[in-house]
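Colleague:
Numbering (my numbering), first residue to last: 58 to 325.
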């Protein structure tokens, strides 16, 4: 890409950062782990968002994953399974800080969903302003399947019944279903993904930067007025409680051992 500027290699380890033709692209770059996310990953995403927001050459931000298998596969369970409670609190703090930062930006964020988008990755993607998904992408708030609690960033996008279905059943669903639910703005074939995202970027760049910034602030205000801050704080506590539970330990063990979890139906 002619004229593209990248951050120095020493700047980031878990992500790539590039500015090209008015768009900053943040790429989650852990393909060997299906772009799973750690506290360090979230901290780097937050730093990259700040870089883009302060760069006058940037009018829009694109968030995506390396390769074509996954946007991101959520929390790195291999790492999470080694954490103590206080360490996990640090992970959650980094997670929440990155997503909260997205709402505070003056520039729109587009999630370019190039593959699997499950668990915490779905929460991250849904924090963006606009979402474009490849037609073979898969979505799911799957934390409940390993004894954990999922995110609620899409709570104002779908009705209560569908939200409960997503959160309580932990099913994986298609990009077309995500479109029908209103979770994504557009679903396209893989060959058209880059053009679709670029088209959105160009539409944004044609608008007044001041009007864009004010509109972003209005959207953030509406989201907060709907109870986003208090809901997320409550979610934070529920996730921490779940992390310390015996059910989480059993769920994680079952996942690693590739077997069905035995929760003892409350008798353990």
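No residue lacks a Cβ here, since even glycine has one placed at the ideal position from N, Cα and C.
Excluding the 5 residues flanking residue 306 on each side, which residues of the same chain have their C-beta closer than 7 Å to its C-beta?
Modeller: In the chain shown, counting from the first residue as 1, residue 306 sits at position 249. The answer is none, since no qualifying residue turns up.
Colleague: Could you check what DSSP says for residue 69 in three-state terms: helix, strand or coil?
Modeller: By one-based count along the chain shown, residue 69 stands at place 12. Three-state result, residue 69: coil.
Colleague: Look up residue 197 in the DSSP assignment and give the residues it is bridged to.
Modeller: The residue given as residue 197 occupies position 140 in the chain shown. Beta-bridge pairing links residue 197 to 175.
Colleague: Of the residues 268, 233 and 296, which one's Cα is nearest the Cα of residue 204?
Modeller: As a first step, residue 204 is located in the chain shown; it is residue number 147 there, counting from the start. Checking every option, the nearest Cα to that of residue 204 belongs to 296.
Colleague: Taking only beta-carbon atoms, is residue 306 less than 8 Å away from chain B?
Modeller: The structure shown contains no chain B, having only a single protein chain.
Colleague: Which residue or residues does DSSP assign as beta-bridge partners of residue 77?
Modeller: Position 20 of the chain shown, counting from 1, holds the residue named residue 77. Paired residues: 80.
Colleague: Drop a sphere of 10 angstroms on the beta-carbon of residue 181, count the other beta-carbons inside from all chains shown, and report buried for 16 or more, exposed for fewer.
Modeller: Residue mapping note: residue 181 aligns to position 124 of the chain shown, counting from 1. Burial call: buried.
Colleague: What separation, rounded to the nearest whole angstrom, lies between the Cα atoms of residue 114 and residue 78?
Modeller: Within the chain shown, numbered from 1, the residue matching residue 114 stands at position 57. Within the chain shown, numbered from 1, the residue matching residue 78 stands at position 21. Approximately 8 Å between the Cα atoms of the pair.
Colleague: To the nearest angstrom, how far is the alpha carbon of residue 147 from that of residue 161?
Modeller: As a first step, residue 147 is located in the chain shown; it is residue number 90 there, counting from the start. As a first step, residue 161 is located in the chain shown; it is residue number 104 there, counting from the start. Approximately 21 Å, taken between the alpha carbons.
Colleague: Run the CB neighbour count on residue 69, radius 10 Å, all protein chains shown included, and call it buried at 16 or more, exposed below.
Modeller: The sequence position of residue 69 within the chain shown is 12, counting from 1. With 16 or more other Cβ atoms within 10 Å, it is buried.
Colleague: Could you say if the segment 186-202 and the segment 238-251 meet the contact criterion of at least three C-beta pairs nearer than 8 Å?
Modeller: In short, these stretches touch, since the Cβ pair count reaches three.
Colleague: Report the CB separation of residue 225 from residue 201 in whole angstroms; it is logged as a contact under 8 Å.
Modeller: Here the question's residue 225 lines up with position 168 in the chain shown. Here the question's residue 201 lines up with position 144 in the chain shown. Yes, they are in contact, since the Cβ atoms of residue 225 and residue 201 sit about 7 Å apart, within 8 Å.
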